[in-house]
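Enquirer:
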Amino acid sequence: MGSMIKVNDVSMKFNLGIEKNFSLKLFFINLFKHKKKESKADKDFWALKNISFTVEPGEVVGFVGSNGAGKSTLLKVVSGVMKPTKGNVEINGNICPMIELGAGFDMDLTAHENIYLNGSILGYSRAFIDEKFEEIVKFSELQEFLEVPVRNFSSGMVARLAFSIATQVDPEILIVDEILSVGDLNFQQKSEAKMRSMISGGTTVLYVSHSIESIKCLCDKVIWIERGQMIMSGETEKVCEAYYQSQVSKL
Amino acid sequence: MQTYRNIFVNLKRYSFLLEQLISRDFKVKYKRSVLGVLWSLLNPILMMCVMAIVFTNVFRFSTPGVNYLTYLLTGLTYFNYFSEASNLSMSSVVANFSLINKIYIPKYIFPLSKCLFVGINFLLTLIPLYAVIILTGTGLNMYHLVLPFSFLFLFMFTLGISLILSTIAVFLRDMFYIYGIVIQILTYMTPIMYDINMLDSRLQILLKLNPLYHIVTFARTIILYHEMPSIRAFIICAGSGIVSLLIGMLVFKKNQDKFIYYV
Numbered sequence: 518m519g520s521m522i523k524v525n526d527v528s529m530k531f532n533l534g535i536e537k538n539f540s541l542k543l544f545f546i547n548l549f550k551h552k553k554k555e556s557k558a559d560k561d562f563w564a565l566k567n568i569s570f571t572v573e574p575g576e577v578v579g580f581v582g583s584n585g586a587g588k589s590t591l592l593k594v595v596s597g598v599m600k601p602t603k604g605n606v607e608i609n610g611n612i613c614p615m616i617e618l619g620a621g622f623d624m625d626l627t628a629h630e631n632i633y634l635n636g637s638i639l640g641y642s643r644a645f646i647d648e649k650f651e652e653i654v655k656f657s658e659l660q661e662f663l664e665v666p667v668r669n670f671s672s673g674m675v676a677r678l679a680f681s682i683a684t685q686v687d688p689e690i691l692i693v694d695e696i697l698s699v700g701d702l703n704f705q706q707k708s709e710a711k712m713r714s715m716i717s718g719g720t721t722v723l724y725v726s727h728s729i730e731s732i733k734c735l736c737d738k739v740i741w742i743e744r745g746q747m748i749m750s751g752e753t754e755k756v757c758e759a760y761y762q763s764q765v766s767k768l
Numbered sequence: 064m065q066t067y068r069n070i071f072v073n074l075k076r077y078s079f080l081l082e083q084l085i086s087r088d089f090k091v092k093y094k095r096s097v098l099g100v101l102w103s104l105l106n107p108i109l110m111m112c113v114m115a116i117v118f119t120n121v122f123r124f125s126t127p128g129v130n131y132l133t134y135l136l137t138g139l140t141y142f143n144y145f146s147e148a149s150n151l152s153m154s155s156v157v158a159n160f161s162l163i164n165k166i167y168i169p170k171y172i173f174p175l176s177k178c179l180f181v182g183i184n185f186l187l188t189l190i191p192l193y194a195v196i197i198l199t200g201t202g203l204n205m206y207h208l209v210l211p212f213s214f215l216f217l218f219m220f221t222l223g224i225s226l227i228l229s230t231i232a233v234f235l236r237d238m239f240y241i242y243g244i245v246i247q248i249l250t251y252m253t254p255i256m257y258d259i260n261m262l263d264s265r266l267q268i269l270l271k272l273n274p275l276y277h278i279v280t281f282a283r284t285i286i287l288y289h290e291m292p293s294i295r296a297f298i299i300c301a302g303s304g305i306v307s308l309l310i311g312m313l314v315f316k317k318n319q320d321k322f323i324y325y326v
C-alpha cells in the first residue's frame, strides 16, 4: 500500500488586486489620476510555495506556524476545496474535512432536518444517517430540542450539534483545524475525548493547532510552515522545540 | 468522454445531497406560511386573473379562435418557471460560498438543485393549468402525451442559462441588477399576454429569436390548437435546449475552479 496523501511541489497564488479592479468608481478615479499602473506581479501573493510532503497510512501529522502562514490554505488544497496553482495532490482514501463546523446548517430548519442536510453535505448516505441518528442526538445532548428550528439555538448548541454530526464518520483521512474548543466545559472534555479516540483509531490525520501541547501528545510528525514555505519537517519533539524557540525569540 | 462519465458517477454519489437541498428549499419556502404549498397552486391563478382583467378590459387584447385565459396561463406557467429558476440559480453559488469555501462539493449541484426545485413547483402549477383547460372548455386531446417533451426542453434551456448566470454572478455581482432588467424585457419579448401576430413582421422576426417563444408555442400548439407540433418545432426546441445546456456546462466547468478566489 502506497502513501495516503502525496503533496507534490504545491504552490498557491492569490491575486490581492482582484477586489480593486472590479469597481467602476475606482476605474474612473485611476483614469484621471494617470497613476502608473502597478505591475500585476506586485499584487500576487504566494500563500504556499513549493510544498511537498507525503503522509503514510495511520500517521498523525501536525502543522504549526504563525497566523497567516498558510496552514489552512494547505488543508483546503489537500481536501480539494482549492485547486493548487502549481503542483498536484494525490489522495488515496475518503476525506472528512472538519475545517469549520456548521457551515451547512439552515437556520430555518429543525435540528432533526439539519442532521440530514448537514450529513448529506458531508457526503453521508441516507442509510448511514438513519443508522447513526440516535448516536448523533445522544452525543449532542439535544434530545429535547430535536424539533426546534436551529435559529432558536444558542451558538454553543449549534456547535455541539455540528460537532456531533461531523464526528460520526470513520474517514480514512481526517482533517482537523482547531475545533476542539466547542461548547461548555463538560462538552469540551467530551469532544476532546472523542477526537482523541478518532485520532488514535488508526485514521490518517492532518491536524492544525496553535496549542503545542496537544500537537506534542497527538502527532507522529510535525510540519512547520512560515510565509507559505516549509521551514522544517520531521520528528515532533525536534520541530516543536525549534518552532517554540523561534516564537520565544520574537517576543 | 471521461468527464461525462464522471458527471454521472458524481450525480449518483451526490443524489442524496441533491434531494436534501431540494427538500430544504421546499421546507423553507412553505414552513412559515399558513396556506403552505397551496400557494404554488393559487399564485399562478391569481396572477392570471389580474393579468386577464388588465389585458382584456384595458388593452382589449384577444386571441382569435382560442380561449384567452388558457392562452395566458400557458404562457405564464412556462415563463414563470424560466424566470424563477434562473433567478434562484443565479444567486445559488454566491449564496453557498461559505460551504464551497470549506468542503468539496461539486458546485453545479447548487444551480441544478434550484432548477429541479422550481421544476417540482412547475409540475404543481400544471394542476391549475389543467383546471383552466377543462373549465374554460378548451378540452383535452391525445397530443397532450407529447407535452412532457416541452417540459424537458424548457428544463434543459433554463439549466443551461442558469449555469451561465451563476458563473457570471460570481465574478460580477452587478449581474443581479442587470438580470432584473433583462427578465423585465424578456417578459414583454415573450408573447405571454399577447398574440405575436398583432405585431408587424419585422418585430416578429426579432421575437422569434427567443427560444422561450418557441417552447411556449410548442405547448400552445398542443393545448390550444389541438395539433401535433411540427418536426421543425421539435428540432428548434430540442436544439435550443441542448445548445444552451452544452454552453452552460462548458462555461461553468471552465470557470468553477476560479470561484474560490472571489469569495
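Top line first, the protein sequences correspond to chains A and B. Offset between the first sequence (1-based) and the numbering used here: plus 517. Offset between the second sequence (1-based) and the numbering used here: plus 63. The beta-carbon is built from N, C-alpha and C at its ideal position, and this holds for glycine as well. Here the structure is a predicted model, which is why all the values come from computation and not from measurement.
When Cβ atoms are compared, which residues of the stretch 620-635 of chain A fall closer than 8 Å to chain B?
Expert: Ala620, Gly621, Asp623, Asp625, Leu626, Glu630, Tyr633 and Leu634
Enquirer: Measure the alpha-carbon distance for Leu272(B) versus Leu187(B) and round it to whole angstroms.
Expert: One Cα belongs to Leu272(B), the other to Leu187(B), and the distance between them is close to 29 Å.
Enquirer: Using the Cα positions of Ser161(B) and Leu208(B), report the straight-line distance between them to the nearest angstrom.
Expert: 43 Å
Enquirer: Does the stretch 284-296 of chain B come within contact of the stretch 187-206 of chain B, defined as at least 3 CB pairs closer than 8 Å?
Expert: yes
Enquirer: Are the stretch 183-200 of chain B and the stretch 124-144 of chain B touching, with three or more C-beta to C-beta distances below 8 Å?
Expert: yes
Enquirer: Drop a sphere of 10 angstroms on the beta-carbon of Gly610(A), count the other beta-carbons inside from all chains shown, and report buried for 16 or more, exposed for fewer.
Expert: With fewer than 16 Cβ atoms within 10 Å of its Cβ, Gly610(A) is classed as exposed.
Enquirer: Kindly give me the distance between the Cβ atoms of Trp471(A) and Tyr761(A), rounded to whole angstroms, as I take these residues to be in contact under 8 Å.
Expert: Outside the shown range of chain A, which is 518 to 768, sits residue 471(A), and nothing can be said about it.
Enquirer: Mind checking whether Val181(B) and Ala158(B) have CB atoms under 8 Å apart?
Expert: Not a contact, by the Cβ cut-off of 8 Å.
Enquirer: Can you name the residues of chain B whose CB is closer than 7 Å to the CB of Thr643(A)?
Expert: Per the sequence shown, the amino acid found at residue 643(A) is Arg instead of Thr. Simply Phe79.
Enquirer: At a CB-CB cut-off below 8 Å, which residues of chain B make contact with Pro601(A)?
Expert: Against chain B, a Cβ distance below 8 Å from Pro601(A) picks out nothing, because the smallest value is about 10 Å.
Enquirer: Is the CB of Asn260(B) under 8 Å away from at least one CB in chain A?
Expert: no
Enquirer: Phe322(B) and Val233(B) - do their beta-carbons sit closer together than 8 Å?
Expert: yes
Enquirer: Along the chain, which unbroken stretches of the beta strand (DSSP E) at least 3 residues long are found entirely within the stretch 238-285 of chain B?
Expert: none
Enquirer: If Ile748(A) and Val595(A) are in contact, beta carbons under 8 Å, what's the gap, nearest whole angstrom?
Expert: Not a contact, Cβ separation roughly 19 Å.
Enquirer: Between the Cα of Phe570(A) and the Cα atoms of Phe622(A), Met521(A) and Asp701(A), which residue gives the shortest distance?
Expert: Met521(A)
Enquirer: Between the C-alpha atoms of Phe281(B) and Ile653(A), what's the straight-line distance to the nearest angstrom?
Expert: 51 Å
Enquirer: May I have a chain-ordered list of the beta strand (DSSP E) segments no shorter than 3 residues that lie completely inside the stretch 716-758 of chain A?
Expert: You should have 721-725, 738-743 and 746-752.
Enquirer: Under DSSP, the alpha helix (DSSP H) around Met529(A) begins and ends at which residues?
Expert: First-last for Met529(A): Ile522 to Asn532, but that is the beta strand (DSSP E), not the alpha helix (DSSP H).
Enquirer: Classify Met624(A): buried if its beta carbon has 16 or more other beta carbons within 10 angstroms, exposed otherwise.
Expert: Flag for Met624(A) reads exposed.
Enquirer: Please go through the stretch 615-646 of chain A and give each complete alpha helix (DSSP H) segment of 4 or more residues, from N-terminal end onward.
Expert: Listed in chain order, they are 628-638.
Enquirer: Measure the Cβ-Cβ separation of Ile227(B) and Tyr77(B) and say whether it is below 8 Å.
Expert: no
Enquirer: Please decide whether Val722(A) counts as near chain B, where near means a Cβ-Cβ distance under 8 Å.
Expert: no
Enquirer: Report yes or no: is there a C-beta of chain B within less than 8 Å of the C-beta of Gly597(A)?
Expert: yes
Enquirer: Taking buried to mean at least 16 other C-beta atoms within 10 Å of its own C-beta, is Lys261(B) buried or exposed?
Expert: Checking the displayed sequence, the identity of residue 261(B) turns out to be Met instead of Lys. Label assigned to Met261(B): exposed.
Enquirer: In this structure, does DSSP put Gly302(B) in helix, strand or coil?
Expert: Residue state, collapsed to three classes: helix.
Enquirer: Measure the C-alpha to C-alpha separation of Ser731(A) and Phe580(A) and round it to an integer number of angstroms.
Expert: 11 Å
Enquirer: For a contact meaning CB atoms closer than 7 Å, what does Lys94(B) contact in chain A?
Expert: Result: Asp625.
Enquirer: Report yes if the CB atom of Met674(A) is closer than 8 Å to the CB atom of Leu663(A), and no otherwise.
Expert: no
Enquirer: Quick one: what's Cys613(A) bridged to in DSSP?
Expert: Leu691(A)
Enquirer: Between Val156(B) and chain A, is there a C-beta pair that is closer than 8 Å?
Expert: Not one beta carbon of chain A lies nearer than 8 Å to the beta carbon of Val156(B).
Enquirer: From Gly302(B) to Leu222(B), what does the alpha carbon distance come to, in whole angstroms?
Expert: 14 Å
Enquirer: Run through DSSP, which three-state label would Asn318(B) get?
Expert: helix
Enquirer: Report back the beta-carbon spacing between Thr770(A) and Val665(A) to the nearest angstrom; my notes put them in contact at under 8 Å.
Expert: The structure shown has nothing for residue 770(A), since chain A only spans 518 to 768.
Enquirer: For Gly519(A), list the residues DSSP reports as bridge partners.
Expert: According to DSSP, which records beta bridges pairwise, Gly519(A) is partnered with nothing at all.
Enquirer: Should Tyr171(B) be flagged as near chain A, meaning a C-beta pair shorter than 8 Å?
Expert: no
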